[in-house]
Amino acid sequence: MKIESLDFFYLSMPQVLDVGDGSQDALLVRARATGGNEGWGECEASPLASIAALVAPMSHSACKGVQDSVLGQTLETPEDIRRIGALVRRNSFDLLQADHTLSGVDIALWDLLARKRQVPVWNLLGYDTAHRKCAYASQLFGDTPEQTYAAAKQVAAWGFVAAKFGWGPYGLGSVEADAEQVRAAREGLGPGAILLIDAGTVWGEDVSAAAARLPALCDAQVKWIEEPFISGALDAYRQLRALCPDGMTTAAGEGCHNEQMARHLIDYGHVGYIQIDAGRIGGLAAAKQIADYAKAKGVRYVNHTFTSHLALSASLQPYAGRAVDLLCEYPIDPKPLAWELTRDHIRPDGVCHIDFPESPGLGVVPDPDVIRKYLVETEIVVRGKVLYRTPEI
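Going by the numbering used here, the residue at position 122 of the sequence shown is 1496; the numbering climbs one at a time, nothing skipped.
Encoded structure:
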């Protein structure tokens, strides 16, 4: 097969709010190859910036638009996808958005090849079996502890045995205000559930600010404190991990846009959980490499997903065969765009475990009518030449 086309679709809710909710817009990728073969992927990134990285005119030999390294390439084996990814990184070395753009392309190519072979993506990635995961209900903190308590009570009633609260007001006020939020989450969930807290990089690299929250987290039996610092603050991560009491650890990685960043968080940041977003790190090939590296280092791997179920399925594939890596981020309150986007959904069972889709490829397919509903018509013109125009569905 030869890769014939890459179509990017910019979707958005009518109004995008200034909150930590990545489900408000989306960038879908449709890859087509000879023989009528097709696959879908999703970038977890700014849609317009990523489209620009796809079609950008060459600045020099190491700064080319991503499509220049993909279109016309042979696609027959998983190794071809890895080869294409390496070519993109070489030819787009100085194009910083390239990894986010490549992520959606890479996912679409795995989906395409797996659908052609009539196997699930996890099988192409080298696994013989896919182990079900324990879905943790992922959501934002409420504006008040009362709202957080009510949200935690609701997910417990739905059967979730694990939940994560993050962003919102957490870390922006006093230590006691944060403690009240954490207590509310624990009280709502009940004593037996796994509680995870996401600080959303709020403390930059201020170890003392994060450490001041540890007693309340310990009292609430929080399993991890996620992204207390920016991704590159490796020394801060290392110091905080050393301060964590028994039973608690650190988690980070969603901001990584290449394998090296993730490895540094493991090796120098000493995180206990490495969280990878396949739509940011460069796709499934890179994510699988990190899953393998984490296994070798004794670090747990977990997905990062806060958008559609296309992205959710993609995020699960790199660690499908890892029985010990049990937890799975499961967004429970996405915007209508993210929920409606796919015809099928990955639904938890009565005890909130999830199984992998049974269909070939990623097992979920975008709904063309929903794409049309949320489509943002876009055009990029340079020197009178149209480099990008919203494609036909």
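Built from N, CA and C at the ideal position, the CB exists for glycine as well.
Cβ shell of Asp1485 (< 6 Å), same chain only, five flanking positions each side left out: Gly1413, Trp1414, Gly1735, Leu1736
Entirely enclosed alpha helix (DSSP H) segments - the stretch 1609-1644, minimum 4 residues: 1633-1641
Please report the Cβ distance between Met1375 and Thr1408, rounded to the nearest whole angstrom; I am assuming they are in contact, meaning their Cβ atoms lie under 8 Å. 5 Å
CB Ile1455 to CB Gly1606, shorter than 9 Å? no
Does Asp1774 come out as helix, strand or coil in the three-state DSSP assignment? One cannot answer for residue 1774 here, as it falls past the ends of the chain, which runs 1375 to 1767.
Using 9 Å as the threshold, is the C-beta distance between Gly1695 and Trp1541 below it? no
How far does the beta strand (DSSP E) with Ser1379 in it reach, from first residue to last? 1377-1386
Could you tell me whether the stretch 1528-1547 touches the stretch 1753-1762, where touching means 3 or more Cβ pairs closer than 8 Å? no
Identify, in the order they occur along the chain, each residue of the same chain with its Cβ nearer than 8 Å to the Cβ of Gly1533, setting aside the five sequence neighbours on each side. Pro1722, Gly1724, Val1725, Cys1726
How big is the Cα-Cα spacing for His1683 and Leu1402? 12 Å
Quick one: grab the DSSP three-state call for Tyr1501. coil
When burial is assigned at 16 or more other CB atoms within 10 Å of the CB, is Tyr1642 buried or exposed? exposed
Through-space distance from Leu1498 to Ala1488, alpha-carbon basis: 7 Å
Please report the straight-line C-alpha distance between Val1535 and Gln1447, rounded to a whole angstrom. 45 Å
Which whole runs of the alpha helix (DSSP H) in the stretch 1499-1573 are 4 residues long or more, in chain order? 1519-1531, 1549-1563
Identity of the residue in Glu1520, His1631, Ile1604 nearest Ala1659 by Cα: His1631
With Thr1522 and Ala1573 assumed to form a contact (beta carbons below 8 Å), what rounded beta-carbon distance in angstroms separates them? Their Cβ separation, rounded to whole angstroms, is 15 Å, which puts Thr1522 and Ala1573 out of contact at 8 Å.
Which whole runs of the beta strand (DSSP E) in the stretch 1642-1730 are 3 residues long or more, in chain order? 1647-1650, 1674-1677, 1701-1705
Mind checking His1474: buried by the 16 CB within 10 Å criterion, or exposed? buried
Relative to the C-alpha of Ser1582, which candidate in Tyr1611, Val1698, Asp1392, Glu1554 has its C-alpha closest? Tyr1611
Terminal residues of the continuous alpha helix (DSSP H) containing Lys1747? 1742-1748
So Gly1646 packs on Arg1674, CB below 8 Å; how close in whole Å? 7 Å
Given Ala1585, which residues of its chain have a CB within under 7 Å of its CB, disregarding the five upstream and five downstream residues? Leu1614, Leu1617
Please say whether Val1556 and Val1529 have beta carbons closer to each other than 9 Å? no
From Arg1457 to Asp1651, what distance separates their C-alpha atoms? 21 Å
Which residues in the same chain have their Cβ closer than 6 Å to the Cβ of Arg1560, if we skip the five residues on either side of it in sequence? Leu1569, Ala1594
Could you check where the beta strand (DSSP E) with Arg1404 kicks off and where it finishes? 1399-1407
With DSSP as the reference, identify every bridge partner of Glu1828, one or two as the case may be. Past the boundaries of the shown model lies residue 1828; the chain is included only from 1375 to 1767, so the question cannot be answered.
Let's test the definition: count the other Cβ atoms within 10 Å of the Cβ of Pro1494 and tell me whether it reaches 16, buried, or not, exposed. buried
If you count every other CB in all the chains shown that lies within 10 Å of the CB of Lys1772, and 16 or more means buried, which is it? Residue 1772 falls outside the range modelled here, since the chain spans only 1375 to 1767, and no answer is possible.
Which ranges would you report for the alpha helix (DSSP H) in the stretch 1411-1435 if only whole runs of at least 4 residues count? 1421-1429
Rounded to the nearest angstrom, what separates Ala1430 and Gly1439 at their Cα positions? 5 Å
For Met1635 and Ala1567, the rounded distance between their alpha carbons: 31 Å
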